[in-house]
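Student: Quick one: structure below, then a few questions.
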Amino acid sequence: MLPFLSVSELQAQLRSKAVSPLEALEALEARIAAVDPSVAGYLNRDFAAAAEAAKTADVTLPLGGVPIAIKDVINVKGQPCTCASKILEGFISPYDATVISRLKAAGAIPFGRTNMDEFAMGSSTENSAYGVTHNPWDLSRIPGGSSGGSAAVVAADEAFAALGSDTGGSIRQPAALCGCVGLKPSYGRVSRFGLVAFASSLDQIGPFTKTVRDSALLLNAISGHDSLDSTSLKEPVPDFTAQLGQDLKGIKLGLPKEYFIPGTDPQVDAAVRKAIAQYEALGAEIVEISLPHTDYAVGVYYIIATAEASANLARFDGIRYGHRAAEAANLLDHYGKTREEGFGPEVKRRIILGTYVLSSGYYDAYYLRAQKVRTLIRQDFTNAFEKVDAIICPTSPEPAFKIGDRSDDPLRMYLADIFTIAVNLAGVCGVSLPCGFAQVDQRSLPVGLQLIGKPFQESELLKIAHAYEQSTEWHKARPTIG
Ligand code: GLN
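Per my numbering, the very first residue in the sequence shown carries number 2; after that it's consecutive.
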């Protein structure tokens, strides 16, 4: 069945003319109609516009005729962009984000908006103003977050691939919990022009795919310097598929002792340790390393990310975009009412925290100090990468939890990102890929393996991920939805 294909497999079918882009799109739409009422991964789709694009798609292009799902935080001209927030209800994007114009130039069809935590703040997609997304492996569980919709639609074969954004783990963690491949590129690798900003020193856009090769293909399309985003770096963009298939002789993988801790679910720990043994069998050398400032990562992140969010979200004032309060006595009252009505509780909590840590008197005690510790965290990675080629660890300390289970405990929710956050603080790249299952309540729940790579060494990272993927069967497992 067509929707079950990877991007690479679909391309082969399109290029041999076994199927047309329109047939592929129609098959996908039928699959969505069958399973999305249970999964609820999509917020919106414009099938008619996608069908028009499919009719003229050039299948000789790198992603010619391939429909791609887009997290609802990335602007696609003419489509809604709500960031899963009431404050952007009814907003239609006036332009394409750079990743979208690049996908289109590569022949892809940005098709459908996926659900997320409001403004990408969360780890479960429960913070969406438009309902929760369900994990395809167990519909009573969360898909992870904040890009939970993107992960779920790829895992449920309702998308061949998707884009998400990752500020503290929002691509890797949902990919782990849904059993797909999620890549956070190095800071500066991919332009954020047209991505609604959450925390500008941490945000990156990246792909969700069914295979490592597909991840490389999408990264090929979206990478590179962009004059519209001065934080995108002028680093050369290699062909990220070029190293796939090379062996792992001489590769050193670092096992950070701070990431193998008692709080991790025993089944997650066991699956990751098995993956490490598999890497040894593939010829990699495992080296114990230390990232000594790991304990501070979550605390530092929640100071820096909230500070930047409070500044970035100031633009939602009820005048320029989306929701506008009906009646207001004066301008300040208008701002207050609009934001009170438009933002959900988690977003308000972050804005208040961020405003507090930036306020005079507290700036030095919190924000400035957090920036200094961030430098130490980054240094930990620089030191580690002098000894090893990549770092290996779990992506998430536990498999997907039940919807509603953590809702009244924000601190516990924040700890879900304990293994992913430092990667963003350091600006390095990371990928999560399936490495097994945990058996919980008679259900199989995916477990993710995280590999962390040197800045701008995504080629090497994907090579290491690919070797493991190809030596196991995990990426072929599919959920039975229902
Ligand atoms: N879960 C983290 C948070 O809530 C990370 C989110 C993200 O990467 N966008 O901030």
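The beta carbon of each residue, even a glycine, is placed where N, CA and C say it ideally should be.
1) Enumerate in chain order the residues of its own chain whose CB-to-CB distance from S171 is below 7 Å, with the five nearest sequence positions on each side excluded.
2) Taking K253 as the reference, give the member of L245, V288, E236, R16 with the closest Cα.
3) Would the segment 351–361 count as touching the segment 298–315 if we require 3 or more Cβ pairs under 8 Å?
4) Would L292 and F420 qualify as a contact pair, given that the criterion is a beta-carbon distance under 8 Å?
5) In chain order, what residues of the same chain have a beta carbon less than 7 Å from the beta carbon of V429, not counting five sequence neighbours either side?
6) Taking the alpha-carbon positions, what's the H294 to K56 distance?
7) Given 7 Å as the limit, tell me if S86 has its C-beta closer than that to any heavy atom belonging to the ligand GLN.
8) Hey, I88 and H467: beta-carbon distance below 8 Å or not?
9) Any chance the CB of T396 is under 7 Å from a heavy atom of the ligand GLN?
10) In angstroms, rounded to a whole number, what distance separates the CA positions of D215 and G319?
11) Using only the alpha-carbon positions, how far apart do A35 and L359 sit?
12) What's the C-alpha gap between A177 and G345?
13) Is any non-hydrogen atom of the ligand GLN found closer than 7 Å to the C-beta of A121, if you look at the structure I gave you?
14) Quick one: is Y364 buried, meaning 16 or more other Cβ sit within 10 Å of its Cβ, or exposed?
15) Quick one: Cα of S39 to Cα of S151, how far?
16) Per DSSP, F209 forms a beta bridge with which residues?
17) Can you give me the Cβ contacts of C84 inside the same chain, cut-off strictly under 8 Å, excluding the 5 residues immediately before and after it?
18) Rounded to whole angstroms, what's the CA-CA distance from G284 to F317? Just pull it up for me.
19) With distances taken from CA atoms, which of D410, E341, A156 is nearest A327?
20) Going by C-alpha to C-alpha distance, which of D334, A439, P137, G180 sits closest to S433?
21) Pick helix, strand or coil for D1, following the three-state DSSP scheme.
22) Taking only beta-carbon atoms, is V100 less than 8 Å away from chain D?
23) Can you tell me whether N331 is buried or exposed, with buried defined as 16 or more other CB within 10 angstroms of its CB?
24) Assuming R193 and G183 form a contact by the criterion Cβ under 8 Å, report the distance between their Cβ atoms to the nearest whole angstrom.
25) From the DSSP output, which residues share a beta bridge with Q440?
26) Can you give the beta carbon distance from E347 to N128, rounded, assuming they're within the 8 Å contact cut?
27) Grouping DSSP H, G and I as helix and E and B as strand, with all else coil, what is N136?
28) With the cut-off set at 8 Å, would you say L446 and A439 are in Cβ contact?
29) Once you ignore the five residues that flank D47 on each side, which residues in its own chain have a CB closer than 7 Å to its CB?
30) Using the Cα positions of K235 and V191, report the straight-line distance between them to the nearest angstrom.
31) What runs of the alpha helix (DSSP H), each 4 residues or longer, lie entirely inside the segment 95–125?
32) Count the other CB atoms within 10 Å of the CB of N384; is the residue buried (16 or more) or exposed (fewer)?
33) According to the neighbour-count rule (16 or more other Cβ atoms, all chains shown, within 10 Å of its Cβ), is D158 buried or exposed?
34) Could you check if T61 is buried or exposed, using at least 16 other CB atoms within 10 Å of its CB as the buried criterion?
35) Assign G91 to buried or exposed, taking buried as 16 or more other Cβ atoms, counted over all protein chains shown, within 10 Å of its Cβ.
Tutor: Put simply:
1) A121, G146, S147, S148, G165
2) V288
3) yes
4) no
5) S187, F382, I453, G454, K455, P456
6) 53 Å
7) no
8) no
9) no
10) 40 Å
11) 48 Å
12) 26 Å
13) yes
14) exposed
15) 15 Å
16) A163, G183
17) D73, V74, M117, E119, F120, A121, V197
18) 52 Å
19) E341
20) G180
21) This structure does not reach residue 1, given that the chain is present from 2 up to 483, and the question cannot be answered.
22) Given the protein chain composition of this structure (a single chain), no chain D is represented.
23) exposed
24) Rounded, the Cβ-Cβ distance is 17 Å, inconsistent with contact.
25) S445
26) 5 Å
27) strand
28) yes
29) Q80
30) 10 Å
31) 99–106
32) exposed
33) buried
34) exposed
35) exposed
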